[in-house]
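Reading through the structure tokens given below for one structure.
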Amino acid sequence: MLVRYQQIQNQLGQVITEKNVIISELSEVNRALEVLNSLDPAGIVFKNVGHVMVRVQRDDAIKELNDKKEILELRLKSIERQEQLLRSQLNELQSKINEYLAKIYGRQAKAG
Numbered sequence: 008m009l010v011r012y013q014q015i016q017n018q019l020g021q022v023i024t025e026k027n028v029i030i031s032e033l034s035e036v037n038r039a040l041e042v043l044n045s046l047d048p049a050g051i052v053f054k055n056v057g058h059v060m061v062r063v064q065r066d067d068a069i070k071e072l073n074d075k076k077e078i079l080e081l082r083l084k085s086i087e088r089q090e091q092l093l094r095s096q097l098n099e100l101q102s103k104i105n106e107y108l109a110k111i112y113g114r115q116a117k118a119g
């Protein structure tokens, strides 16, 4: 039971780390969209492709970022559901562990 508790704790830690990465990426995408939307439609826009910067159309860059934003939002919802499930499992196991410990210590007090 304790091993399972630790496994779930580790999974939860990984999920929270992944969630924070997604939130950070979403923030970057939103900031880039703000900047692009404030630019003159005829303005010059570049994007990184590997180690090269390539000129792209502003509208194409906005579309690409909106697509990325949509994917990140879906991943975030999925990871939040996973986090909620793991927290629920962790709470359930914590209750079982507490009950088990209460029984053990209750027996020891009666025997002592």
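Under the working numbering, the first residue of the sequence shown is numbered 8, with each subsequent residue one higher.
We put the beta carbon where it would ideally sit given N, CA and C, even for glycine.
For clarity, every value in this text was computed on a predicted model and none was experimentally measured.
Exposed or buried, what is residue i when buried is set at 16 or more other beta-carbons lying within 10 Å of its beta-carbon?
i   : result
L46 : exposed
I15 : buried
I51 : exposed
I29 : buried
V59 : exposed
Determine, using beta carbons only, whether residue i and residue j come nearer to each other than 8 angstroms.
i    : j   : result
R163 : L43 : The chain is shown only over 8 to 119; residue 163 falls outside these bounds and no answer can be derived.
L83  : K26 : yes
My understanding is that residue i touches residue j, with C-beta atoms under 8 angstroms, so please give their C-beta distance in whole angstroms.
i   : j   : result
V22 : Q89 : 5 angstroms
Q33 : L79 : The question names Gln, but residue 33 is Leu in the sequence shown. Right, their Cβ atoms sit about 5 angstroms apart.
I need the boundaries of the alpha helix (DSSP H) containing residue i, first residue and last residue.
i   : result
L19 : 9-45
Who does residue i pair with in a DSSP beta bridge?
i   : result
K54 : V61
Would you verify that the beta carbon of residue i is, or is not, closer than 8 angstroms to some beta carbon of chain D?
i   : result
V10 : No chain D is present in this structure, which holds just one protein chain.
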